[in-house]
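Please read the structure below before turning to the comments.
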Amino acid sequence: MRLHQLLAPPPAVITEMIVSGWTAQAITAAADLKVADALAAGPLSVEALARDVGADPDALDRLMRALVSRVVFAQRRDGRYRLNALAETLRSDTPVSLAGAARFYGSRLHREDLSMLTASV
Numbered sequence: 001m002r003l004h005q006l007l008a009p010p011p012a013v014i015t016e017m018i019v020s021g022w023t024a025q026a027i028t029a030a031a032d033l034k035v036a037d038a039l040a041a042g043p044l045s046v047e048a049l050a051r052d053v054g055a056d057p058d059a060l061d062r063l064m065r066a067l068v069s070r071v072v073f074a075q076r077r078d079g080r081y082r083l084n085a086l087a088e089t090l091r092s093d094t095p096v097s098l099a100g101a102a103r104f105y106g107s108r109l110h111r112e113d114l115s116m117l118t119a120s121v
């Protein structure tokens, strides 16, 4: 068990585990869209970011706000999104890139395998 799990109340710990699925899918979507690569040069408004990654601005804003809430990306006071230490690992041009891992573990094939877990027990 991790330290924060030992210190937090059990309902908070299990809730964190339950929502980790949507967090992983949000990270996968950001990796698929190469959001971290688009933000590598500096902060961008959601409109500019959406244009760079080929996404709908409103949908991308919802995705980014969800990821900011999980501290995967950051948002400046002026509303522009930026990289933080976690988001840096989603850049495709760094030696510690985890973008490929995010895309693999969030892929439909991987999720479908896991969805059969209950039936296999």
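For reference, each letter of the sequence shown is one residue, going 1 to 121 in UniProt numbering. We put the beta carbon where it would ideally sit given N, CA and C, even for glycine. Only a predicted model underlies this, so the values are computations on that prediction, with no experimental measurement involved.
Practice prompt. Can you grab the Cα-Cα spacing for the pair residue 128 / Ala102, in whole Å?
Written response: This structure gives no information on residue 128, because the portion of the chain shown stretches from 1 to 121.
Practice prompt. In angstroms with no decimal places, state the Cα-to-Cα distance between residue 124 and Pro43.
Written response: The structure shown does not extend to residue 124, since the chain is modelled only from 1 to 121, so the question has no answer here.
Practice prompt. Would you identify the three-state DSSP class for Arg2, choosing helix, strand or coil?
Written response: Here residue 2 corresponds to residue number 2 of the sequence shown, with the count starting at 1. Correct three-state label for Arg2: coil.
Item to complete: Would you decide whether Thr118 is buried or exposed? Buried here means 16 or more other CB atoms lie within 10 Å of its CB.
Response: Residue mapping note: residue 118 aligns to position 118 of the sequence shown, counting from 1. Thr118 is exposed by the Cβ-count criterion.
Discussion item. Does the region 80 to 99 come into contact with the region 9 to 22, if we say contact requires no fewer than three beta-carbon pairs (one atom in each stretch) closer than 8 Å?
Written reply: no
Worksheet item: Where are the alpha helix (DSSP H) runs, 4 residues long or more, that stay fully inside the region 12 to 91, in chain order?
Response: 35 to 39, 46 to 53, 57 to 69 and 85 to 88
Worksheet item: Can you give the beta carbon distance from Leu49 to Leu39, rounded, assuming they're within the 8 Å contact cut?
Response: Reading the sequence shown from its first residue, position 49 is the one you call residue 49. Reading the sequence shown from its first residue, position 39 is the one you call residue 39. Confirmed, about 7 Å.
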